[in-house]
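Protein chains: 2
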Amino acid sequence: MKDVASAAGVALKTVSRVVNGEPGVHPATADRVRAAIDTLGYSRNESARVLRRGRTATIGLVIEDVADPFYSSLGRAVEDVSASHGCLLLSGSSSEEPARERELVRTFCARRVDGLIIVPAGADHTYLRPELDAGTPAVFADRPPGPGVDADTVLSDNSGGAALATRHLLAHGHTRIAFLGDDPAIFTANRRLHGYRAALGDRYDERLVAMRAPDLDSVRADLRRMLALDQPPTAVFTGNGRLTVTVLRALAGQPMALVGFDDFELADLLVPGVTVVAQDPAGMGRTAADLLFRRMAGDTGPSEHPLLPVRLIPRGSGELVL
Amino acid sequence: MKDVASAAGVALKTVSRVVNGEPGVHPATADRVRAAIDTLGYSRNESARVLRRGRTATIGLVIEDVADPFYSSLGRAVEDVSASHGCLLLSGSSSEEPARERELVRTFCARRVDGLIIVPAGADHTYLRPELDAGTPAVFADRPPGPGVDADTVLSDNSGGAALATRHLLAHGHTRIAFLGDDPAIFTANRRLHGYRAALGDRYDERLVAMRAPDLDSVRADLRRMLALDQPPTAVFTGNGRLTVTVLRALAGQPMALVGFDDFELADLLVPGVTVVAQDPAGMGRTAADLLFRRMAGDTGPSEHPLLPVRLIPRGSGELVL
DNA sequence: ATATCCGTTGACAACGTTGTCTGCGCCGGA
DNA sequence: TCCGGCGCAGACAACGTTGTCAACGGATAT
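Chains as they are written, first to last, in my numbering: chain A, -16 to 305; chain B, -16 to 305.
Now the structure itself:
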């Protein structure tokens, strides 16, 4: 910038004015400055600008895995909203590890992001208190923050969706409906179990429930165990997209009524098509980002907790009667 | 930091030393400083640090779409390598628009990223020249930079993979093999066409080739047109994962030998399983990131152009004989 | 006793911007 | 003529760090 200024024969401040499109610069002078900028290949040093102005025009996104289709759709929506506000996105994968989540958030905060969108892996977010108090807004998505932290939270209707799936299977004559969910420590897995259980009422049988991280071998073992019961399940409800796919592999073509939580690419091309309860990951990302930018613009109203609807997409697998 | 210093009764520099774990501070003093840091909730301002030191510990990643499975796997691999070097990742989607790609790169450079990994959308990268000259290393992935720019480039063996797929179909008795590829302006689409054509030799028939952005209606129309020929195709080779899925939908169960470029989730669960030429997106991301970090560490050797192997995964659809 | 060295600490400038304030020349109105 | 105002431009400080260099007291060597 100093070089540009001396090349154009003006003061630093004038270059700054031109670069920022501020008024009060004679057009001829501005042209001279722009010419100097072009020849020198100058580009503003954003770090210095941030230091001086205090805003980074960057938001931080912590998700479970940027390569997971659900979270990457969410991330893309956040990116689009962010771009429309002229902000960049720092993103990181927590890999479902609380320590990594915390580390990412800490790093983002040290870089003074203007806001955070977090899909929490851990259950304790009191470490965020200083940042929140310092005025960095945070929005939680997919899962709520741990106790003691009051922040905007965007959730899907997990419990309602699970009940919907379960009732769908009940309506097709199934009464022995297994539930294969993720680790119950995960909020969404827990809520979905809750919805499943509520829909089943006294038909609930804990022997038909298995909750653990999706893993082909253990899912296979769980299914085998359930199928060996006196009254084996005739239908399965899977608690997330990864589990749905794992169960499909474990079944290896063996016919079984199935409804999965989460839609996935190609669910319609399988035979039979896989009936799912679809969330809207892009909608979740958009909602969270819109909320965050409202907060960043100064909205200090009470924290909001929108609940996103889910919808059942019947494709055949849930309508099987065996 | 000033507050911490006065709270601990030391000078700024001493706080800095403690924060950075520099030697030459009396343990007792360090403890006093750390106590002050805790009570005040101080965290280092990374922008100021960057300004002073000149390194941001951030790399920029420009891909086509963070929500695309291929690119998000690549992104995840880049993130992992990056994290192991203590770097954060700024990422953005170009949406296949050269202007957006350029805008993202420009913004990343203004923020003084330490390095760039780019999946180019445009064909002209001379705009990068100033940054490259200024010492910001860039690695291109999946597609090479435009002419006049010499940079490290990590590519898959597109041509070889396409030939592999085509020969696989030839080996199963097909001679009328259609190719549905993406817009020929895209490097990979072009190379794959090249491999297909080379493998076919004089059996090449341009009426069996259609290259355009994947879109269900136009793919359907292309297929219909080809199937109406005197000698219709008995097999299809699709030029990327998106096209494979689109063709599967367009075929709507109609039997057709098929090999697709790019592996995809559930390819093995479809009936018949979809034979593919698989790239290794994570390997591509890792390779590109490793190369970038070597450059960032000062390696100034001639630019490298590793070619990643692809492999054919037979699953049934390519072995159909009709 | 003097010189030297080491461990510890601090003063200061610099990184590249931008906000504030001041200065200059010119015009129009009193 | 004088003054206020306006359009344009520049000087300067500040943002929060870190690298450089100097200073201090005490111990050791000469």
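The beta-carbon is built from N, C-alpha and C at its ideal position, and this holds for glycine as well.
Q: Can you tell me which of the three DSSP states Arg294 of chain B falls into?
A: As a working mapping, residue 294 of chain B is identified with position 311 in the second sequence. In the three-state scheme derived from DSSP, where H, G and I count as helix and E and B as strand, Arg294 of chain B is classed as strand.
Q. Given a threshold of 16 other Cβ atoms within 10 Å of its Cβ, counted over all protein chains shown, does Val230 of chain A qualify as buried or as exposed?
A. Residue mapping note: residue 230 of chain A aligns to position 247 of the first sequence, counting from 1. With 16 or more other Cβ atoms within 10 Å, it is buried.
Q) From which residue to which residue does the alpha helix (DSSP H) around Ile46 of chain B run? A) As a working note, residue 46 of chain B is residue 63 in the second sequence. Run containing Ile46 of chain B: none in the alpha helix (DSSP H); it sits in the beta strand (DSSP E), 41 to 46.
Q.
Which complete beta strand (DSSP E) runs does the stretch 170 to 249 of chain A hold, if anything under 3 residues is left out?
A. Taking only runs of at least 3 residues, the beta strand (DSSP E) segments lying wholly in the stretch 170 to 249 of chain A are 192 to 194, 218 to 221, 240 to 244.
Q.
Short of 6 Å in beta carbon distance, which residues of its chain neighbour Ala193 of chain A, apart from the five on each side in sequence? Order them along the chain.
A. What you label residue 193 of chain A is simply residue 210 of the first sequence in a count that begins at 1. Excluding the 5 residues flanking it on each side, Ala193 of chain A has same chain C-beta neighbours closer than 6 Å at Leu163, Asp205, in chain order.
Q: Leaving aside the five residues before and after Gly256 of chain B along the sequence, list all residues of the same chain whose C-beta is less than 7 Å from its C-beta, in chain order.
A: As a first step, residue 256 of chain B is located in the second sequence; it is residue number 273 there, counting from the start. By the criterion of a C-beta distance shorter than 7 Å, Gly256 of chain B is surrounded in its chain by Ala250, Arg298, Gly299, Ser300, once the five residues flanking it on both sides are discounted.
Q: Determine the direct distance from the alpha carbon of Ile20 of chain A to that of Gly346 of chain B, and round the result to whole angstroms.
A: Because chain B is modelled from -16 through 305, residue 346 of chain B falls outside the range shown and cannot be assessed.
Q) List, in order along the chain, the chain B residues whose C-beta lies closer than 8 Å to that of Cys92 of chain A? A) For the purposes of this step, residue 92 of chain A is identified with residue 109 of the first sequence, where counting begins at 1. Residues of chain B passing the Cβ test: Ser26.
Q. If Ala104 of chain B and Pro81 of chain B are in contact, beta carbons under 8 Å, what's the gap, nearest whole angstrom?
A. On the second sequence, residue 104 of chain B is found 121 positions in, with the first residue counted as 1. On the second sequence, residue 81 of chain B is found 98 positions in, with the first residue counted as 1. Indeed, because the Cβ distance is near 5 Å, the residues count as touching under 8 Å.
Q) Secondary structure at Ser76 of chain A, three-state DSSP: helix, strand or coil? A) Translated into the one-based positions of the first sequence, residue 76 of chain A becomes position 93. Looking at Ser76 of chain A - three-state DSSP - the assignment turns out to be strand.
Q. Apart from the five residues on each side of it in sequence, which residues of its chain come closer than 6 Å, Cβ to Cβ, to Ala196 of chain A?
A. Here residue 196 of chain A is taken as the residue at index 213 of the first sequence, counted from 1. So the qualifying residues of the chain are Asp166.
Q | contact_flag[the stretch -6 to 6 of chain B, the stretch -8 to 0 of chain A] where n(CB pairs < 8 Å) is 3 or more | A | No, the stretch -6 to 6 of chain B is not in contact with the stretch -8 to 0 of chain A.
(Q) What does the Cβ neighbour count give for Asp135 of chain A, buried or exposed, with the cut at 16 atoms within 10 Å? (A) Position 152 of the first sequence, counted from the start, is the residue given in the question as residue 135 of chain A. Classification for Asp135 of chain A: buried.
Q.
Given this structure, state the Cα-to-Cα distance separating Tyr54 of chain B from Val88 of chain A, to the nearest angstrom.
A. Within the second sequence, residue 54 of chain B is the residue found at index 71, counting from 1. Within the first sequence, residue 88 of chain A is the residue found at index 105, counting from 1. Inter-residue distance for Tyr54 of chain B and Val88 of chain A is about 24 Å (C-alpha atoms, whole angstroms).
Q: Report yes if the C-beta distance between Met279 of chain B and Ala60 of chain B is below 9 Å; otherwise report no.
A: Locating residue 279 of chain B in the second sequence gives position 296, counting from the first residue. Locating residue 60 of chain B in the second sequence gives position 77, counting from the first residue. It is not a contact, given that the beta carbons lie outside the stated cut-off.
Q. Of all the options A:Ile100, A:Gly129, A:Gly131, A:Pro113, which has the alpha carbon lying nearest to the alpha carbon of Phe123 of chain A?
A. Translated into the one-based positions of the first sequence, residue 123 of chain A becomes position 140. Nearest to Phe123 of chain A by C-alpha distance, out of A:Ile100, A:Gly129, A:Gly131, A:Pro113, is A:Ile100.
Q | Closest residue to Ala66 of chain B among A:Ser74, A:Gly236, A:Asp116, A:Ala272 (Cα-Cα distance) | A | The residue given as residue 66 of chain B occupies position 83 in the second sequence. The candidate whose alpha carbon is nearest that of Ala66 of chain B is A:Ser74.
Q. Taking Cβ positions, are Asp246 of chain B and Gly224 of chain B nearer each other than 9 Å?
A. Taking the first residue of the second sequence as position 1, residue 246 of chain B is located at position 263. Taking the first residue of the second sequence as position 1, residue 224 of chain B is located at position 241. Contact flag set, yes.
Q. What is the DSSP secondary structure of Asp51 of chain B, reduced to helix, strand or coil?
A. Along the second sequence, one-based indexing puts residue 51 of chain B at 68. Assigned with DSSP and collapsed to three states, Asp51 of chain B falls in coil, not helix or strand.
Q.
Any beta carbon of chain B sitting closer than 9 Å to that of Pro113 of chain A?
A. The residue you call residue 113 of chain A lines up with position 130 of the first sequence. For Pro113 of chain A, at least one C-beta of chain B is nearer than 9 Å to its own C-beta.
**Q.** Residue-chain proximity (Gly228 of chain A, chain B), Cβ-Cβ < 9 Å
**A.** By 1-based counting over the first sequence, the position of residue 228 of chain A is 245. Here residue 228 of chain A turns out to be Val, not Gly, going by the sequence shown. Using a Cβ-Cβ cut-off of 9 Å, Val228 of chain A counts as an interface residue toward chain B, since at least one Cβ of chain B sits closer than that to its own.
Q: Flag Phe276 of chain A as yes if its beta-carbon sits less than 9 Å from any beta-carbon of chain B, otherwise no.
A: For the purposes of this step, residue 276 of chain A is taken as the residue at position 293 of the first sequence. For Phe276 of chain A, the answer is no, since every Cβ of chain B falls outside 9 Å of its Cβ.
Q: Mind listing the chain A neighbours of Glu5 of chain B? Cutoff is C-beta to C-beta under 7 Å, in chain order.
A: As a working note, residue 5 of chain B is residue 22 in the second sequence. Within chain A, no residue comes near Glu5 of chain B; the closest Cβ sits about 18 Å away, beyond 7 Å.
Q) Just how far apart, CA to CA, sit Ser26 of chain A and Gly43 of chain B? A) Looking up residue 26 of chain A in the first sequence gives position 43. Looking up residue 43 of chain B in the second sequence gives position 60. Taking C-alpha positions only, Ser26 of chain A is separated from Gly43 of chain B by approximately 16 Å.
**Q.** From B:Ile296, B:Leu295, B:Arg294, B:Leu275, residue whose alpha carbon lies closest to that of Glu287 of chain B
**A.** One-based indexing of the second sequence puts residue 287 of chain B at position 304. Checking every option, the nearest Cα to that of Glu287 of chain B belongs to B:Leu275.
Q. Using CA coordinates, which residue listed in A:Ala31, A:Asp(-14), A:Thr217 is at the minimum distance from Leu234 of chain A?
A. Walking along the first sequence from the start, residue 234 of chain A turns up at place 251. Closest by alpha carbon: A:Thr217.
(Q) Against chain A, with Cβ distances strictly below 9 Å, would Val16 of chain B count as a contact? (A) The residue you call residue 16 of chain B lines up with position 33 of the second sequence. Closer than 9 Å: no.
Q) Mind pulling the chain B residues with CB within less than 7 Å of Ala31 of chain A? A) For the purposes of this step, residue 31 of chain A is taken as the residue at position 48 of the first sequence. For Ala31 of chain A, the residues of chain B that pass the 7 Å Cβ criterion are Leu34, in the order they occur in the chain.
**Q.** Gly129 of chain A versus Leu183 of chain A: straight-line alpha-carbon distance, rounded
**A.** Position 146 of the first sequence, counted from the start, is the residue given in the question as residue 129 of chain A. Position 200 of the first sequence, counted from the start, is the residue given in the question as residue 183 of chain A. Distance between the alpha carbons of Gly129 of chain A and Leu183 of chain A is about 29 Å.
Q) Can you find a CB in chain B that lies within less than 9 Å of the CB of Thr109 of chain A? A) In the first sequence, the residue the question calls residue 109 of chain A occupies position 126. No - not a single Cβ of chain B is within 9 Å of the one on Thr109 of chain A.
**Q.** Same chain, Cβ closer than 8 Å to Gln262 of chain B, five either side skipped, listed in chain order
**A.** Position 279 of the second sequence, counted from the start, is the residue given in the question as residue 262 of chain B. Hits under 8 Å: Phe53, Ser139, Gly144, Phe244, Asp245, Asp246, Leu291, Val293.
Q | Where Ala261 of chain B sits in the DSSP three-state scheme | A | One-based indexing of the second sequence puts residue 261 of chain B at position 278. Ala261 of chain B falls in the strand class under three-state DSSP.
Q | Beta-carbon proximity of Ala272 of chain B to Val64 of chain B, cut-off 9 Å | A | What you label residue 272 of chain B is simply residue 289 of the second sequence in a count that begins at 1. What you label residue 64 of chain B is simply residue 81 of the second sequence in a count that begins at 1. Against a cut-off of 9 Å, the Cβ pair of Val64 of chain B and Ala272 of chain B comes out as a contact.
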